[in-house]
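Quick notes on the structure that follows.
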Amino acid sequence: MTPSVVVDRVAKRFSLEHHRPTSLRERFVRRRWRRARPDELWALRDVSFSVDSGEVFGVLGANGSGKSTLLRLIAGVMEPTCGEIRTAGRVGALLDLSAGFHPELTGLENIDLNGALLGMGPSEVSAKRENIVAFSGLQSFIDSPVKYYSSGMLMRLGFSIAIHLDPEVLLVDEVLAVGDEEFQRRCLDRIENLRVRGKCVVLVTHDLSHVRQLCHRAIWLRDGVIAAEGKAESVVNAYLAAADKSQKVAEGGAGTRWGSGELEIEAVTIAGGTGVGSIPLTGRPFVVDIHYIAHVPVERPVFGIGIHRIDGVHVTGPNTSTGRFEIPMVTGRGVVEFRVDRLPLLPGSYALSAAAYDHSIRHPFDHHEGMYRFLVGKEGTGELEGVVSFDGRWGHVAGTRLSRCNLFEEVSRE
Amino acid sequence: MRLALPVFPRRNRSRAFLVWRYRHLLVQLAKRDLTARYKNSVLGVVWSLLHPFLMMLILAVVFSYVGRFNVGIPHYPAFILCGYLPWLFLATSLTTSVRSVVDAANLIHKVAFPREVLPLAIVLSNLVNFLLALVPLLGYLAFSGIAPGPGLFALPAIIGCQALLLAGLSMFLSAANVYARDVGVVLEVALFALFYLCPVFYSPEMILDTVPRAVAGAYFLNPMATLMVLYRSALMGTATPSLDMRIWGATALLASSAACVLGWWFFVWRQRSFVEEL
């Protein structure tokens, strides 16, 4: 198969001037008196890979790892400092295009303008105009100036134009994180459609489940260098394992703590199936202990925990109030235990929060948001897709119709 | 069948070919500029005709009653209008296009397209505006009983020559403005000076009669001055006997072509660093 994108030993250097001179005076004063070399940043170093047609290729990495720079280099917005990028056919980028809209022009006029910006000819734009409007779902607003559009509407229109470009190479940058569920779904369908027709898609995202679901292969960029490359699944796992070691919660930093302090959480421990310190496994017991100290007697406190996957997905948030477990009074030290007999979480990295509140759950005594990290090991299950294991069992009956009532049909009849 | 070429070739490909492929964008941007300019005004496009006429009235009153520049010039209002319209074409093209790249910073960061389309679209929209204003000017000339000269057939060439000059200047200025934002301010002063260096409200004979021959030659090295003389000879049939218009016309064309090539070359050289500079 011929590669659609070839990135060959590409590097990109930026100069890091904190204040760029934009007037002649600044420029000449700087030239004359301070000739020091500005700091440099190599956003990308020696990056090589190729993407075949009909392939969805993922690019993973933390913020500032060079993902967006790479995408802009492929799109041709910037030129690499060294190395070479070759692309076969038209490169389209699924970006927020609302920057190119003119507020005084109507949606339809802006479609013409933006289509031309992406390199479409007049006949191509007029052929696709109806599809673009239908895809955006803005039929009733399309003849009003876009200055009356909400930011969400602008974005939908921009994506609709970009996605109809019919490129050989489609670049997608984090767009799946915005827009409502239904619009996201349509974008994903369209990506799949392009792939089936032999186009290639390069996807940059924080959402690891998208990489798992959509991508065939992926690279993981760390500080501008490829840290891992290969099958999407193995790259995601390598990324998760490293994110776990680096002691940082995915988006929110190293966790935060707040509360009035009458009741303080001193420590939180997690125990897997085989005792304290062992790695929790899917389908095995799982225990969280909250070690507290009450500086004054507190009546009917509520203890709770929260579990987020490392990419920010909120998995669960049980507390003693929803669990109908009342603690009448606490004084001094004690331990609150949360026990799960069969852990449904799939292997991966998770962030644990723990909190102590008053009985109304309005006043925080001590809240540790995302301060604890744990890993669910792979040994417990073979399942990989999604967040939790339902631990269900499959069945099969051949040659007959089940007479069980069908819930889906019931719903649709109503 | 689509050409198997990258949309935005990185090097060694013809820049002109690239701009040609984006001609539709050029037209769309010019259209956007025109529609947006008059969208919320009551008189709309009428302004592009009314504005030069009002300016002409002011100039005619000021320079005939205060400065007495009208002495020896027949049809002084028409004379002013024939110089002021090309002047307006120049001034609005340059003052708008100088910001065109800086204002489109957002787009430049996101989409790959030949960036020279931005200043060129401004020149194109102002060219359309200029052509629209020529229609009532011709009507006014006919109404005043002024016969166009034999050079009327050369009018498209004269306009093309000015468009070439403005294309070059606008590409140079918009790229230079990315490098140093002083360009916009310098341009304002330069345009103010240039207004007096062009025969808008006085006849070039005044220059030719009062200064030495060599200085007069230098005066007509300014292609805009020559172009105004050419516009008047085409539209009003005014002859400037002491000047050989064929030689000076060729000089103006040469200067305009050189401005276009050099401005383009400068733009293409600078545009590599636009993403980082903006």
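Chains as they are written, first to last, in the numbering used here: chain A, 1 to 414; chain B, 1 to 278. From the three backbone atoms N, C-alpha and C, an ideal C-beta is built for every residue, glycine too.
With a cut-off of 8 Å on Cβ pairs, the region 374-383 of chain A is in contact with the region 339-354 of chain A, counting three or more such pairs. Rounded to whole angstroms, B:ARG246 and A:GLY83 show a C-alpha spacing of 52 Å. Inter-segment contact for the region 183-197 of chain B and the region 206-217 of chain B is absent: fewer than three beta-carbon pairs are separated by less than 8 Å.
Less than 8 Å separates the beta-carbon of B:LEU173 from that of B:SER97. Shown in chain order are the members of the region 262-277 of chain B whose Cβ falls below 8 Å from a Cβ of chain A: ARG272, VAL275, GLU276, GLU277. If you check the CB distance, B:ARG99 and B:GLY184 come in under 8 Å. For B:ILE158, the secondary structure class from DSSP, reduced to helix, strand or coil, is helix.
Contact of B:GLN162 with chain A is not assigned, every C-beta pair being separated by 8 Å or more.
Interface residue (Cβ-Cβ distance to chain B less than 8 Å): A:GLY224 is not classified as such. Close CB contacts of A:ARG186 within its chain, under the 8 Å cut and outside five residues either way in sequence, are with PHE135 (chain order). Annotation for A:ARG309: VAL315, GLY348, TYR350, VAL387 place their beta carbon closer than 7 Å to its own, counting only its chain and skipping 5 residues before and after. Taking a beta-carbon distance threshold of 8 Å, B:THR96 does not count as an interface residue toward chain A. Shortest Cα-Cα distance from A:GLU233 to any of A:ALA227, A:ARG222, A:GLY224, A:VAL211 involves A:VAL211.
In this model, A:ALA162 and A:GLU337 are separated by some 52 Å (Cα to Cα).
Contact between A:ARG45 and A:ALA11 holds: CB atoms are separated by about 5 Å, below the 8 Å threshold. A residue is called buried when at least 16 other Cβ atoms come within 10 angstroms of its Cβ; A:MET329 does not meet this threshold and is exposed. For A:HIS363, DSSP records no beta bridge to any residue.
In terms of CA proximity to A:LEU281, A:ILE270 leads the group A:ILE290, A:ASP289, A:ILE270. For the pair B:ALA252 and A:LEU194, the Cα-to-Cα distance works out to about 53 Å.
For A:ARG309, DSSP records a beta bridge to A:TYR350. A direct Cα-to-Cα measurement between A:GLY306 and A:LEU208 gives close to 20 Å. Of B:VAL46, B:ALA91, B:SER203, the smallest CA-CA separation from B:VAL189 is found for B:ALA91.
Restricting attention to B:VAL102, B:TYR231, B:ILE58, the CA atom closest to the CA of B:PRO150 is found in B:TYR231.
If you ignore the 5 residues before and after A:THR331, its C-beta comes within less than 6 Å of the C-beta of ALA294, PRO297, all in its own chain and listed in chain order.
The beta carbon of A:ASP311 sits closer than 7 Å to those of HIS206, ASP207, LEU208, ALA250, all from its chain and outside the five residues before and after it, given in chain order. Proximity of A:PHE303 to chain B, defined by a Cβ-Cβ separation below 8 Å, is not satisfied. Going by DSSP, A:MET329 is part of the beta strand (DSSP E) stretching over 329-340.
Look at B:HIS24 here: in three-state DSSP terms it is helix.
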